[in-house]
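Asks:
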Amino acid sequence: MVIHTMRTNLLFCLSISCLLSSAAAMSAYEVLKSHGLPMGLLPKGVRDFQVDGDGRFEVRLDAACTAKFESQSEVRFNSTVAGTLSYGQIAALSGVAAQELFLWFPVRGIRVDIPSSGLIYFDVGVIYKRFSLSLFETPLDCIPFSSSSSSEARLPSKNRSGKLRYTLDQQDAQRPVL
């Protein structure tokens, strides 16, 4: 009886171990797909990926890079991208920026409609940018940019963007309202 119990416990531990190792071995792209998100939200070149039980993740890319989709749209990725995954969305996103006209805005979150409407939404603070979900079905090619290139190529840090917002708010406070 004791031997049977030990075998059962050993078998149980081995099966749990296999389940955990297969979950840990999932690629970043597979994890996105299992959360109802397209694999192309991350570019090609993911070097390292970690996700915890609460959905918090961190992705390391080979280098900071820019990915193009559609004819005029671009997304920039820092070498480290982080956020919180839940089904159909990524919240508290950092390390990603989207271009609108000639300006770059940090992407704070990404979501898809459940059930799918065929659209994906990027939260860039003041608005949601809407794109066709089909644009992100496969990981995009990402062209590295150097950190020594123009300041326009770098994503603003939260601290710098906060200082800029404070400075602009102070200037606006001194303007007359019409």
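Counting with mature numbering (1 follows the signal peptide of the UniProt record, and there is no 0), you get residues -25 to -1, 1 to 153 for the letters of the sequence shown.
Glycine included, each C-beta is placed from N, C-alpha and C at the ideal position.
1. Got a sec: is the Cβ-Cβ distance from A3 to anything in chain B below 8 angstroms?
2. Select from T59, D37, G70 and I65 the residue whose C-alpha is nearest the C-alpha of V50.
3. By how many angstroms is the C-alpha of L36 removed from the C-alpha of R22?
4. Can you give me the start and stop residues for the alpha helix (DSSP H) that E5 sits inside?
5. Looking only at its chain, what residues have a beta carbon closer than 6 angstroms to the beta carbon of V87, apart from the 5 residues adjacent to it on each side?
6. From what residue to what residue does the beta strand (DSSP E) around I65 run?
7. Grouping DSSP H, G and I as helix and E and B as strand, with all else coil, what is S92?
8. Let me check understanding here. Comparing Cα to Cα, which of V99, E112, V101 and I102 lies closest to G93?
9. Can you give the Cα-Cα distance for V6 and F77, rounded to whole angstroms?
10. Assuming F80 and A72 are in contact, meaning their beta carbons sit under 8 angstroms apart, how far apart are those beta carbons, in whole angstroms?
11. Could you tell me the alpha carbon to alpha carbon distance between A(-3) and K104, rounded to whole angstroms?
12. For S107, I'd like the list of residues in its chain whose CB is within less than 6 angstroms of its CB, leaving aside the five on either flank, ordered along the chain.
Replies: Result, derived from the coordinates:
1. As a matter of chain content, chain B is missing from the structure shown, which is built from one protein chain.
2. G70
3. Within the model, the alpha-carbon separation for R22 versus L36 is close to 5 angstroms.
4. A3 to S9
5. Apart from sequence neighbours up to five positions away, the residues of its chain that approach V87 with a beta-carbon distance below 6 angstroms are G63 and I95, ordered along the chain.
6. Q64 to E75
7. The answer is coil: DSSP assigns S92 none of H, G, I, E or B.
8. E112
9. 33 angstroms
10. Contact annotation, F80 with A72: C-beta distance approximately 6 angstroms; criterion of less than 8 angstroms satisfied.
11. Note that A(-3) scores 45 on pLDDT, short of 50, meaning its location in the model is unreliable and no value can be drawn from it.
12. none
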